[in-house]
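Chemist: All letters in the sequence shown, in the order written, are residues 2 to 423 by our numbering.
The beta-carbon is built from N, C-alpha and C at its ideal position, and this holds for glycine as well.
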Amino acid sequence: MAKGTLASTTEPAERCVLVFINDDESEDEVVEAELEGLCEASGAEVVGSLRQRLNRPVASTFIGKGKVEELTVLAKETGADVAIVDGELNAVQTRNLSEALECRVVDRTQLILDIFARRAHTREGQLQVELAQLTYLLPKLMTLYTKFERQKGGIGLRGPGEQKLESDRRLVRERISKLKSELEDVRRVREQQRVGRRKFPFPFASLVGYTSAGKSTLMNRLAGTELLADAMPFATLDPTTRKIDLPEGYSLFLTDTVGFIRNLPTHLIAAFRATLEEVAFADLVIHVVDVSHPGWEMQADTVVETLDELGAADKPILTVFNKIDQLPDRSALRALIAEWPNSVAISALRGEGMADFLDHVLSNVRALLKPISVLIPYLEAHFVQECYDFGRVHQVDYAEEGIKVVAEVVSDLAERLKRYAK
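(1) Reducing DSSP to helix, strand and coil, say where A14 ends up.
(2) What does the alpha-carbon distance come out to for the pair R119 and Q134?
(3) With DSSP as the reference, label F322 as helix, strand or coil.
(4) Please list the segments of the beta strand (DSSP E) lying wholly inside the region 32 to 106, counting only runs of 3 or more residues, in order along the chain.
(5) Are the Cβ atoms of D291 and N323 separated by less than 8 Å?
(6) Measure the beta-carbon distance from I85 to V20 and round it to whole angstroms, keeping in mind my assumption that it falls under 8 Å.
(7) Roughly how many angstroms separate the alpha carbons of A408 and R417, rounded to a whole number?
(8) Is DSSP giving G162 helix, strand or coil here?
(9) Could you work out which residue in T79, T95 and R393 is closest to S252 when comparing CA atoms only?
(10) Along the chain, where does the beta strand (DSSP E) containing F384 start, and where does it finish?
(11) With a threshold of 8 Å on Cβ separation, who are the neighbours of D29 within its own chain once the five nearest residues in sequence on each side are excluded?
(12) Pairing CB atoms from the region 135 to 142 with CB atoms from the region 260 to 274, are three or more of them under 8 Å?
(13) Take every Cβ of the region 329 to 344, pair it with every Cβ of the region 201 to 212, and state whether three or more of those distances are shorter than 8 Å.
(14) Mark V106 as exposed unless 16 or more other C-beta atoms lie within 10 angstroms of its C-beta, in which case mark it buried.
(15) Where does D25 fall in DSSP's three states?
(16) Can you have a look at K423 and say buried or exposed, based on whether 16 or more other CB atoms are within 10 angstroms of its CB?
(17) Would you tell me roughly how many angstroms separate the C-alpha atoms of R109 and L36, rounded to the nearest one?
(18) Among S213, A101 and R420, which has the Cα closest to the Cα of P378?
(19) Would you please state the rounded distance, in angstroms, between the beta carbons of T303 and I262? I believe it to be under 8 Å.
(20) Would you decide whether D360 is buried or exposed? Buried here means 16 or more other CB atoms lie within 10 Å of its CB.
(21) Which residues mark the beginning and the end of the alpha helix (DSSP H) in which R335 is found?
(22) Within 10 angstroms of its Cβ, does Q194 collect 16 or more other Cβ (buried), or is it exposed?
(23) L255 and Q311 - do their beta-carbons sit closer together than 8 Å?
(24) Let me make sure I understand the geometry here. Which of H383, E402 and L370 has the alpha-carbon closest to that of D413?
(25) Measuring CB to CB, does V345 end up less than 8 Å from D357?
(26) Pop quiz: E33 and S50 are said to be a contact at Cβ under 8 Å. What is the actual Cβ separation, rounded to whole angstroms?
(27) Hey, would you say N343 sits closer than 8 Å to I318, going by beta carbons?
(28) Less than 8 Å separating the beta-carbons of S213 and I116?
(29) By DSSP's criteria, P317 is part of a beta bridge. Which residues make up the other side?
(30) Measure how close the beta-carbons of T95 and K141 come, nearest whole angstrom, since I'm counting them as under 8 Å.
(31) Could you check whether V69 and A92 sit closer than 8 Å to each other, using their CB atoms as the reference points?
(32) Taking V385 and V406 to be in contact with their CB atoms under 8 Å, please state how far apart those CB atoms are, rounded to whole angstroms.
(33) Check the C-beta distance from L114 over to L180 and give it rounded, since I have them as a contact under 8 Å.
(34) Does the beta-carbon distance from V18 to L75 come in below 8 Å?
(35) Cβ atoms of E192 and D82: under 8 Å apart, would you say?
(36) Check E416 in the structure and name its three-state DSSP category.
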């Protein structure tokens with residue numbers, strides 16, 4: 002299979018058994034359903050699962066000795082090709098479990114990276130995936146490379162980093178350094194694009210949310226585009242920016258971003274810095290929440306925590322409770338909206354609540370406007386029209402010395418007009 006390409010639909014699905022440790026029984030259903038969804042997105046078939054109540058993983062094997070024996074039997078009985086652990090394994094745990102089970106062992110991070118490898122269609126996305134894969138694999142190379150990892154392909158071994166297991170540490174470090182350099186070039190290009198867009202004094206907004214919350218569906222609804230809107234995790238890996246028209250002649254630039262997920266490793270966030278910087282530079286963050294999901298509160302908390310890591314938690318945030326069409330009972334929605342400041346409920350798929358959503362976006366955009374009182378020279382009279390186009394004009398007086406304007410305008414225009422302040 003070629004690097005970075007999707008697995009052939011004719012390839013048989015890998016059979017996998019799932020392994021969970023958790024000391025909170027109330028989270029079992031949500032956590033297990035999420036890992037099953039990730040497996041489905043990777044093209045695998047779940048044939049069994051095992052769980053153990055533990056406060057922390059066992060140092061040598063992640064799960065206890067008795068559970069390892071139980072898992073070995075389960076893997077053999079189900080004909081599992083791979084065991085997928087809902088957690089992050091170190092090299093010793095991976096090796097010991099692989100030897101005990103006599104099959105490959107993949108942790109949650111590897112599974113996510115596998116999905117990323119499938120979803121990365123642009124050069125930028127592929128660079129970021131490879132960097133994340135190699136950064137993850139580097140400390141494990143000496144121990145991880147067992148006979149099961151020598152097999153080509155499969156979950157956790159797919160995509161741009163597929164062949165790198167056979168490289169020594171020096172070569173991998175050199176490749177990581179080269180990838181970081183290339184991604185720094187990507188970051189500079191993105192910065193140039195942002196500067197170019199700043200020539201149009203529209204606010205910038207970023208769509209964020211837990212994976213599969215419906216961000217791309219909302220973007221399609223707003224922009225009339227046909228971005229990939231898939232129920233699978235991480236359907237959007239490469240960010241897309243569109244100009245969105247709002248009521249009363251306002252507009253903004255809106256960027257769709259990769260979905261967040263719980264326990265996203267720090268090095269993975271770092272690898273996608275060039276993409277996620279779009280959030281840090283946004284004027285407004287639109288947080289899409291799948292309110293029909295049983296674990297939506299945990300998902301929303303994960304997004305807020307990730308925004309904090311990105312340095313974007315202090316930005317204005319509009320919370321959008323999506324997928325209300327899938328709620329069997331909507332009686333709690335009004336109380337929910339009252340509990341969450343600056344929030345709105347919609348169905349992006351059905352278009353329900355979109356007028357209310359646009360009103361909320363407009364209110365947030367207006368809140369970004371800066372008050373100005375300026376005297377514009379007649380030779381610069383085009384600024385008057387820009388005040389109308391990109392703000393709210395309260396007063397215009399044509400005087401001998403120039404045009405007096407009192408208005409509220411977007412911050413970029415306010416900065417350019419600062420020299421004409423009265």
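Modeler: Reading off the structure:
(1) Coil, per DSSP.
(2) Cα to Cα, the separation comes out at about 13 Å.
(3) In this structure, F322 counts as strand in the three-state DSSP scheme.
(4) Runs found: 46 to 53 and 83 to 86.
(5) Taking 8 Å as the Cβ cut-off, D291 and N323 qualify as a contacting pair.
(6) Right, the Cβ-Cβ distance comes to about 7 Å (below 8 Å), so this counts as a contact.
(7) Those two C-alpha atoms are separated by around 14 Å.
(8) Reliability fails at G162, whose pLDDT of 49 lies under 50, so the model's placement of it is uncertain and no value is given.
(9) Measuring from the Cα of S252, the nearest candidate turns out to be R393.
(10) It is not in any beta strand (DSSP E) - F384 instead sits in the alpha helix (DSSP H) that spans H383 to D390.
(11) For D29, the CB contacts under 8 Å within the same chain, skipping 5 residues up- and downstream, are F21, N23 and R52 in chain order.
(12) Verdict: yes, contact present.
(13) Contact between the region 329 to 344 and the region 201 to 212 is absent: fewer than 3 CB-CB pairs across the two stretches fall below 8 Å.
(14) It is buried - the Cβ of V106 has at least 16 other Cβ atoms within 10 Å.
(15) Coil at D25, not helix or strand.
(16) So K423 ends up on the exposed side.
(17) Those two C-alpha atoms are separated by around 8 Å.
(18) Of the candidates S213, A101 and R420, the one whose C-alpha sits nearest the C-alpha of P378 is R420.
(19) That pair is a contact at about 7 Å.
(20) Residue environment analysis places D360 among the exposed positions, since fewer than 16 neighbouring C-beta atoms fall within 10 angstroms of its C-beta.
(21) Here the alpha helix (DSSP H) through R335 covers L334 to E340.
(22) Exposed, because fewer than 16 other Cβ atoms sit within 10 Å of the Cβ of Q194.
(23) Residue 311 is actually Leu in this sequence, not Gln. Cβ distance not < 8 Å, so L311 and L255 don't count as in contact.
(24) Nearest neighbour of D413 by Cα position, chosen from H383, E402 and L370, turns out to be L370.
(25) Using a Cβ distance threshold of 8 Å, V345 and D357 count as a contacting pair.
(26) About 7 Å separates the beta carbons of E33 and S50, which is inside the 8 Å limit, making them a contact pair.
(27) With contacts defined as CB atoms closer than 8 Å, N343 and I318 qualify as a contacting pair.
(28) No, Cβ-Cβ distance for S213 and I116 is not below 8 Å.
(29) According to DSSP, which records beta bridges pairwise, P317 is partnered with nothing at all.
(30) With a Cβ gap of about 7 Å, T95 and K141 count as contacting.
(31) The answer is no: Cβ separation not under 8 Å.
(32) 6 Å between Cβ atoms; contact.
(33) Their Cβ separation, rounded to whole angstroms, is 14 Å, which puts L114 and L180 out of contact at 8 Å.
(34) Cβ atoms of V18 and L75: closer than 8 Å.
(35) D82 is not a Cβ neighbour of E192, given a cutoff of 8 Å.
(36) In this structure, E416 counts as helix in the three-state DSSP scheme.
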